[in-house]
Amino acid sequence: MSANALTLSEYLEVVNPVTGQVALNVNKVTNAINLGLIEPSEGQALISQYSGRTVTPIYDATTARQTIGSWQYAQEVTYTKPNTINSNAGTVSRGTINKPISTTIDPNTGKVVAREVVGKGSRVLTGIANVASWAAAASVGITLGKTIDGLLYNANPDFFDSIGMSSLNPETWASITNGIDYTDPITGTAASAFNFLFDIDPDTGETQAYMRDDAFAYLAAWMQVQDVFNPIQRVIEGELSVAPASYPIVYHHPITYTYINTSNQIKNYSLSVFYQADAKCGFIARSGTSLIYVQCTDTHSSPYNYRFTYNNKTVYYRYSNYGSAVQNFSRTVTPLFYDGHLAGDSNAVKHAAWELIYGTKSGAIEGIGTQPNATVPQNLSSDPATAQQQLQQQYPDLWNDAIDYPVLQPNGTVTNYKYIPVTLPDVSSNTQAQPTSGSQTQQSPLIDPATSPQNLVQYLTDLLQQNPTELQPTEPSDNPTDTGEGSSPVPVPPTGAASALWAIYHPTQSEIDSFGAWLWSPSFIDQIAKIFNNPMESIIGLHKIYATPVDAGTSTIVVGYLDSQVSSAYITQQYVDVDCGSVNLAEQFGNVFDYAPFTSVKLYLPFIGIASLDVAEVMRSTISISYGVDVLTGACLARVTVARDANSSILYQFAGNCAVQYPLSMGSYMGIVSSILGVAGSAVATFASGGSLAPLAIGAANAAFGAHTSVQNSGNFSGNAGAMGGKKPYLIIERPQTRMADSQETYVGAPTNYNSVVGDYSGYVRASSVHLEGVTATDTELDMIQALLEGGILA
Amino acid sequence: MQIRLYTMDEEKNKLEKTLNDEIILNGNLRAECSVINPVIVVEAENISNYNYMYIPQFGRYYFINDIVSIRTDLWRVTATVDVLMSFKDDIKNCPIIVSDALSTDETYMQGSQWQTSVKTKTDILNFPSGLNDTGEYILITSGGVASVS
Chain A
249 MSANALTLSE YLEVVNPVTG QVALNVNKVT NAINLGLIEP SEGQALISQY
299 SGRTVTPIYD ATTARQTIGS WQYAQEVTYT KPNTINSNAG TVSRGTINKP
349 ISTTIDPNTG KVVAREVVGK GSRVLTGIAN VASWAAAASV GITLGKTIDG
399 LLYNANPDFF DSIGMSSLNP ETWASITNGI DYTDPITGTA ASAFNFLFDI
449 DPDTGETQAY MRDDAFAYLA AWMQVQDVFN PIQRVIEGEL SVAPASYPIV
499 YHHPITYTYI NTSNQIKNYS LSVFYQADAK CGFIARSGTS LIYVQCTDTH
549 SSPYNYRFTY NNKTVYYRYS NYGSAVQNFS RTVTPLFYDG HLAGDSNAVK
599 HAAWELIYGT KSGAIEGIGT QPNATVPQNL SSDPATAQQQ LQQQYPDLWN
649 DAIDYPVLQP NGTVTNYKYI PVTLPDVSSN TQAQPTSGSQ TQQSPLIDPA
699 TSPQNLVQYL TDLLQQNPTE LQPTEPSDNP TDTGEGSSPV PVPPTGAASA
749 LWAIYHPTQS EIDSFGAWLW SPSFIDQIAK IFNNPMESII GLHKIYATPV
799 DAGTSTIVVG YLDSQVSSAY ITQQYVDVDC GSVNLAEQFG NVFDYAPFTS
849 VKLYLPFIGI ASLDVAEVMR STISISYGVD VLTGACLARV TVARDANSSI
899 LYQFAGNCAV QYPLSMGSYM GIVSSILGVA GSAVATFASG GSLAPLAIGA
949 ANAAFGAHTS VQNSGNFSGN AGAMGGKKPY LIIERPQTRM ADSQETYVGA
999 PTNYNSVVGD YSGYVRASSV HLEGVTATDT ELDMIQALLE GGILA
Chain B
14 MQIRLYTMDE EKNKLEKTLN DEIILNGNLR AECSVINPVI VVEAENISNY
64 NYMYIPQFGR YYFINDIVSI RTDLWRVTAT VDVLMSFKDD IKNCPIIVSD
114 ALSTDETYMQ GSQWQTSVKT KTDILNFPSG LNDTGEYILI TSGGVASVS
């Protein structure tokens, strides 16, 4: 068990609102985040420590919007009363942290455990864990078809440094990471952490990892900027050297840039890539005493006074003459701009600057390749939001297989985070900054304990053990939390079918037409066969349903003993589910107006009608609808799942029928045939009793040439009004138009129910019950006081 | 006995009132006088503008109900005790269960204060997907499936 596991009382201390008390225990909040108990999301909570008269916040309260990951400083309240830490008054910070949906109390053990949520298919969601950003980024690369091997890190030991990754968009980075930091003890590279979900096949143990789609897109956009997906890559080669003493820089990777000048002379620039404190990257070009500094990010600030744009990429640089001579290096690269024409001295500098930052024509980043038959992003944007849209189009299966993970927000609404499946790299721990793809590929994303590398299996085990499993049981409380929990059982549709007694076909229109043509074939020989094996008796029904059944295979349509030879798909799975998706029903007013009697909620369900929902049950929740459809009868059951707080249950079920019945005409061939063969009697009555072995009665009941085929409709064409209605559910929300007077509360107050003393209030206050204690007044005056207090006074 | 006259322009049901334009009259209580609803004859110049009174001997504040001019500089003042002002310190310490208040964080409790128009507005939230728009034929026959391909 993790050393960071919380007891239940500590856990409740973290998740319950803290009002008028000491500040939240920061360490416990951090632990709770670490353990995945709390899903950081924008606008929630704050974290601060109280220390005597001076607030010692974890994050500087004077700086607005300080964050831990995406946690923001929500509120600061000054108290004048002493608190329990010491007798000094001071600024105490408070806030609320919402309990995540992912946990529940095991009724058998009384322990807080990760709640099982059905993942995809038969897999079960096991919970969330922290994955370091270098592993997360490598996951994205592998999922998008790239390979990563150790060669990458020879020249780029800190390729996946989170400082660089976060620079693409720091605000977005803060919202997609969870505030946990890691450091590689060997390289010193820094990493942030992402929340990952994992589900596991209970039978095979195969595990699938998921990450948030916006985080996925961000990392993909960052890798696009690094030219991971492009054939022309930035090449930084060379050896480390010593920086000139006059420059406060970190010095890396010098190369020699060779070009031919207008005098047809071969000249060299010794170029070095370095990182300065206020720069993302840059280089010094040294030729004689000239120094050129280039910054590869967009800036117009001094000291950069030149810029050069090529292929929509700009470098900024300046000339400067100071510093001592730097040794020349021996590596040479082919100039990008040397196309056979002479490059002038003045061009060489800017070309060298551009080329060093944005790459050469030669090859991809060493150590990064492409998986065979993999799909690699095309023309991916460097803007994360745009990249996400592009990826959704290029990789629709990732979003189709996504898991929706709802998180309750402080305002009562629920935000659904979409987690898409990703392929984990071969990594041993969250402190390993140089992951490789190993045997994991885009096509094989599952971690199979039987075949995956042992270090990856161990890593996964360590990640999943971050979930708490041994918290202490709770005691009943006088003040239970205001949030519910628990889930209704998952419905399991019945299976099995008496497939020898009946067949369910799923024909197309043309196949129905062909079947009908066979059924009503005018061929005399065909009719003879059908006399003895009346196919109409074997047709149980024909209807249309408005769900897609699951075809088991293809067969010819058989009615009784007759094979129509008409091919059609057939069905063995009698029940199908149709997922209608989810909507979030959020409060609009944030007060009593969002509930009955002011607001009402109704639900239109196809083939069922409009049903009323209890607004108190469905407000500020995620409502999901799924239909269970019986293909055989058309019976349908709409299951309405309401997810709120830690509870997700089927609260409503409505039954209907989504089959549109079609009438079948049953022909009486006996009337035609009997006059020829001398067979009398009703075809139906005769063959129902004996079939083909029934004796033929002599004596025509009807003259053959005067006989008419008697047509009898079988079944009722009940039709279904629902087929003429809409096929998508929708909520009908009736909301009031409020007419609250300005400053109404100053006249009549707002409803409340608190036990207090009159002196605690200012302004309008009205009492429902009064204890006139310690008032030395006459009886008449006491009655007057009570009447006034119960009528409302201005305190 | 001393009575103090004031002008007061705040709400009657305000617990602690601001008193202005104080004048102090001294004299002797010559006849019986109710502590709750005193009627006092005072000799003073024009006191017709005063509407509030404090009698230290009674320890109470009063709303002046009526001022009758008996003759020049002689007035009859009729008053009723203001229990809120008179016992404000004790009242402040009285425990109560508050049913309505100006300052409250609770916005989800029912009450007659919530006013709406008879008009409503309708919002529709569509679910992202549903049943098929077009139907699928289902043919059911007896006898089971024949050949499978």
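Protein sequence lines, in the order shown, are assigned to chains A and B. Using my numbering, the first residue of the first sequence is number 249, and each one after it goes up by one. Using my numbering, the first residue of the second sequence is number 14, and each one after it goes up by one. Cβ coordinates follow ideal geometry from the N, Cα and C atoms, glycine included.
About 6 Å separates the beta carbon of residue 28 of chain B from that of residue 1042 of chain A, a gap short enough to meet the 8 Å contact definition.
At the C-beta level, residue 382 of chain A and residue 465 of chain A stay beyond 7 Å of one another. Closest in alpha carbon position to residue 707 of chain A, among A:871, A:416 and A:446, is A:446. In the DSSP assignment, residue 646 of chain A is bridged to no other residue. Residues are counted here when their Cβ sits less than 8 Å from a Cβ of chain B; for the stretch 628–655 of chain A the count is zero. Assigned with DSSP and collapsed to three states, residue 45 of chain B falls in coil, not helix or strand. Closest in C-alpha terms to residue 84 of chain B, from the list B:107, B:93, B:95 and B:60, comes B:60. Secondary structure of residue 707 of chain A (DSSP, three-state): helix.
Of the other Cβ atoms in all chains shown, fewer than 16 fall within 10 Å of the Cβ of residue 131 of chain B; this residue is therefore exposed. If you compare the alpha carbons of A:443, A:991, A:1018 and A:404 with that of residue 711 of chain A, the shortest gap goes to A:443.
The CB of residue 827 of chain A comes closer than 8 Å to the CB of 142 in chain B, given here in chain order. Between the beta-carbon of residue 619 of chain A and that of residue 689 of chain A there is about 5 Å, and that keeps the pair under the 8 Å contact cut. Of the residues assessed, residue 765 of chain A falls on the exposed side of the cut-off, its CB having fewer than 16 other CB atoms within 10 angstroms. For residue 847 of chain A, no beta strand (DSSP E) segment is defined, and its DSSP state is neither H nor E.
Taking the C-beta atoms as reference points, residue 786 of chain A is found no nearer than 7 Å to residue 833 of chain A. The stretch 57–110 of chain B contains, as complete beta strand (DSSP E) runs of 3+ residues, the segments 65–68, 73–84 and 87–94 (chain order). Neighbourhood of residue 992 of chain A in chain B, by CB distance below 7 Å: 126, in chain order. Using a CB distance below 9 Å, the part of the stretch 27–38 of chain B facing chain A consists of 27, 28 and 29, ordered along the chain. When 9 Å is used as the limit between beta carbons, residue 891 of chain A is near no residue of chain B, the shortest such separation being about 14 Å. Proximity of chain A to residue 133 of chain B at the Cβ level (cut-off 7 Å) is accounted for by 982, 983, 984 and 985, in chain order.
From the beta-carbon of residue 69 of chain B, no residue of chain A is found nearer than 9 Å; the closest lies around 16 Å away. Residue 766 of chain A sits in a helix when the DSSP states are folded into three classes.
For residue 788 of chain A, the nearest CB of chain B lies under 7 Å from its own CB, placing it at the interface with that chain. Rounded to the nearest angstrom, the gap between the Cα atoms of residue 898 of chain A and residue 826 of chain A is 15 Å.
Contact holds between the stretch 111–128 of chain B and the stretch 983–999 of chain A, because three or more Cβ pairs, one in each stretch, are under 8 Å apart.
Straight-line spacing of the CA atoms in residue 621 of chain A and residue 394 of chain A works out to 11 Å.
One thing to note: residue 831 of chain A has its Cβ no nearer than 7 Å to the Cβ of residue 154 of chain B.
DSSP, read as helix, strand or coil, puts residue 989 of chain A in coil. Excluding residues up to 5 positions away in sequence, 385 and 388 lie with their Cβ nearer than 6 Å to the Cβ of residue 467 of chain A in the same chain. Within 9 Å of the CB of residue 797 of chain A, the CB atoms of chain B belong to 149 and 151, in sequence order along the chain.
Ranked by Cα distance from residue 828 of chain A, the first of A:886, A:736 and A:427 is A:886. If you compare the alpha carbons of A:815, A:437, A:1006 and A:653 with that of residue 458 of chain A, the shortest gap goes to A:653. Residues of chain A whose Cβ lies closer than 8 Å to the Cβ of residue 129 of chain B are, in chain order, 841, 846, 984, 985, 986 and 987.
When the alpha-carbon of residue 633 of chain A is set against those of A:469, A:909 and A:694, the nearest one is in A:469.
For the C-beta of residue 139 of chain B, the chain A residues within less than 9 Å are, from N- to C-terminus, 831, 976, 977, 978 and 979. Cα atoms of residue 626 of chain A and residue 477 of chain A: separation of roughly 8 Å, rounded to the nearest angstrom.
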